[in-house]
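Chemist: One structure is given below, represented as structure tokens, and several questions about it will come after.
Numbering (this note's numbering), first residue to last: 12 to 228.
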């Protein structure tokens with residue numbers, strides 16, 4: 012089943028594809044890719060990129076919202092999303108993700124995670140004065156985004172009992188304050204990743220969500 016999921020020609024949904032950077036990568040790997048975004052302007056760029064990468068015949072794009080997809084049930088072997096869930100309504104989007112996955116299919120997401128310790132410090136007036144995080148096109152921060160919370164993760168676990176949640180960006184989050192030390196902090200994070208409870212301080216998570224093979228929708 013796992014080998015079939017990643018076979019060349021398997022169907023993949025780029026969940027919130029944006030400008031299509033990842034879509035082109037998935038197509039070059041060998042997937043037949045569908046990508047959606049709420050912005051037709053983004054999709055115009057994505058189509059141009061797919062053509063320039065020589066994968067236009069492997070991809071298709073459409074304007075849609077994550078909470079209400081028009082794909083048929085069980086259509087995809089894989090769903091993949093990068094920094095998308097924190098822009099959408101989690102319960103509806105995750106339900107749609109599960110619906111369009113075939114039985115035995117898997118979804119992967121990488122998302123920012125709300126952390127009480129670091130985000131409390133990050134949002135103080137002093138830090139905001141020097142490192143603001145208000146909406147900004149240059150910093151890819153939008154008005155609608157909201158980091159995932161523990162409540163969001165509880166819902167995701169219920170929807171996908173077969174799941175794996177891997178934490179990243181713990182001490183390395185301090186790279187915003189000390190850019191020159193970011194690489195060293197990332198190495199330290201990697202060295203300490205198996206320390207009990209260390210992952211609770213994470214700022215980023217990778218979700219691997221598998222739909223049960225016995226499910227029909």
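Beta carbons are placed, not taken as given, at the ideal position from N, Cα and C, and that holds for glycine.
Could you round the C-beta distance between residue 22 and residue 86 to whole angstroms and report it? I think they count as a contact, below 8 Å.
Modeler: Here the question's residue 22 lines up with position 11 in the chain shown. Here the question's residue 86 lines up with position 75 in the chain shown. Going by Cβ atoms, the distance from residue 22 to residue 86 rounds to 6 Å, so yes, they are a contact pair.
Chemist: Using the Cα positions of residue 177 and residue 218, report the straight-line distance between them to the nearest angstrom.
Modeler: If you number the chain shown from 1, residue 177 lands on position 166. If you number the chain shown from 1, residue 218 lands on position 207. Answer to the nearest angstrom: the Cα atoms are 7 Å apart.
Chemist: Helix or strand or just coil, what does DSSP make of residue 169?
Modeler: Along the chain shown, one-based indexing puts residue 169 at 158. Helix, per DSSP.
Chemist: How many Å lie between residue 56 and residue 43 at the Cα?
Modeler: For the purposes of this step, residue 56 is taken as the residue at position 45 of the chain shown. For the purposes of this step, residue 43 is taken as the residue at position 32 of the chain shown. When rounded, the distance between both Cα atoms is 19 Å.
Chemist: Kindly give me the distance between the Cβ atoms of residue 25 and residue 51, rounded to whole angstroms, as I take these residues to be in contact under 8 Å.
Modeler: For the purposes of this step, residue 25 is identified with residue 14 of the chain shown, where counting begins at 1. For the purposes of this step, residue 51 is identified with residue 40 of the chain shown, where counting begins at 1. So it is not a contact: roughly 16 Å between Cβ atoms.
Chemist: What's the C-alpha gap between residue 150 and residue 62?
Modeler: On the chain shown, residue 150 is found 139 positions in, with the first residue counted as 1. On the chain shown, residue 62 is found 51 positions in, with the first residue counted as 1. Confidence at residue 150 is low in this model, with a pLDDT of 44, below 50, so the placement of that residue should be treated as unreliable; the coordinate-derived value is given next. The alpha-carbon atoms of residue 150 and residue 62 are separated by roughly 27 Å.
Chemist: Just curious, the beta strand (DSSP E) that residue 54 is in, first and last residue?
Modeler: Locating residue 54 in the chain shown gives position 43, counting from the first residue. First-last for residue 54: 51-63, but that is the alpha helix (DSSP H), not the beta strand (DSSP E).
Chemist: Roughly how many angstroms lie between the CA atoms of residue 209 and residue 123, to the nearest whole one?
Modeler: In the chain shown, the residue the question calls residue 209 occupies position 198. In the chain shown, the residue the question calls residue 123 occupies position 112. Cα to Cα, residue 209 sits roughly 16 Å from residue 123.
Chemist: Whose CA, out of 205, 101 and 186, lies closest to the CA of residue 120?
Modeler: Looking up residue 120 in the chain shown gives position 109. Ranking the options by Cα distance to residue 120, first place goes to 101.
Chemist: Buried or exposed: which applies to residue 184, given that a residue is buried once 16 or more other Cβ atoms fall within 10 Å of its Cβ?
Modeler: Residue mapping note: residue 184 aligns to position 173 of the chain shown, counting from 1. By the neighbour-count criterion, in which 16 or more other beta carbons inside 10 Å mark a residue as buried, residue 184 falls on the buried side.
Chemist: Reducing DSSP to helix, strand and coil, say where residue 28 ends up.
Modeler: The sequence position of residue 28 within the chain shown is 17, counting from 1. Three-state result, residue 28: coil.
Chemist: Cα separation between residue 83 and residue 193?
Modeler: In the chain shown, the residue the question calls residue 83 occupies position 72. In the chain shown, the residue the question calls residue 193 occupies position 182. Using only the alpha carbons, I get a separation of about 43 Å.
Chemist: Can you name the start and end residues of the beta strand (DSSP E) that residue 221 belongs to?
Modeler: To locate residue 221, count along the chain shown from 1; it is residue 210. Residues 215-221.
Chemist: So, at 8 Å on beta carbons, what are the nonlocal neighbours of residue 215 in its own chain, with the 5 sequence-adjacent residues on each side left out?
Modeler: For the purposes of this step, residue 215 is taken as residue 204 along the chain shown, with counting starting at 1. Counting only Cβ-Cβ distances below 8 Å, and skipping sequence neighbours, we find 121, 122, 123, 124, 178, 179 and 180.
Chemist: Taking the beta carbon of residue 223 as the centre, do at least 16 other beta carbons fall within 10 Å, making it buried, or is it exposed?
Modeler: Counting from 1 along the chain shown, the entry for residue 223 is found at position 212. Counting other Cβ atoms within 10 Å of its Cβ, residue 223 stays below 16 and is therefore classed as exposed.
Chemist: For my contact list, residue 96 and residue 159 are in at a C-beta cut-off of 8 Å; report their separation, rounded to the angstrom.
Modeler: Residue 96 sits at position 85 when you count from the first residue of the chain shown. Residue 159 sits at position 148 when you count from the first residue of the chain shown. Indeed, because the Cβ distance is near 6 Å, the residues count as touching under 8 Å.
Chemist: Would you check if the distance between the CB atom of residue 71 and the CB atom of residue 156 is smaller than 8 Å?
Modeler: Here residue 71 refers to the residue found at position 60 when the chain shown is read from its first residue. Here residue 156 refers to the residue found at position 145 when the chain shown is read from its first residue. It is not a contact, given that the beta carbons lie outside the stated cut-off.
Chemist: With a 10 Å radius around its C-beta and 16 neighbouring C-beta atoms as the bar for buried, classify residue 47 as buried or exposed.
Modeler: Looking up residue 47 in the chain shown gives position 36. Per the 10 Å Cβ criterion, buried.
Chemist: Looking at the structure shown, is residue 20 part of a helix, part of a strand, or coil, going by DSSP?
Modeler: Translated into positions along the chain shown, residue 20 becomes position 9. Coil at residue 20, not helix or strand.
Chemist: According to the neighbour-count rule (16 or more other Cβ atoms, all chains shown, within 10 Å of its Cβ), is residue 126 buried or exposed?
Modeler: Numbered from its first residue, the chain shown carries residue 126 at position 115. Flag for residue 126 reads buried.
Chemist: Taking residue 88 and residue 113 to be in contact with their CB atoms under 8 Å, please state how far apart those CB atoms are, rounded to whole angstroms.
Modeler: Numbered from its first residue, the chain shown carries residue 88 at position 77. Numbered from its first residue, the chain shown carries residue 113 at position 102. The pair is a contact, with the Cβ atoms about 6 Å apart (cut-off 8 Å).
Chemist: Tell me whether residue 65 is buried or exposed, calling it buried when 16 or more other Cβ atoms sit within 10 Å of its Cβ.
Modeler: On the chain shown, residue 65 is found 54 positions in, with the first residue counted as 1. Counting Cβ neighbours within 10 Å, residue 65 comes out exposed, since fewer than 16 surround it.
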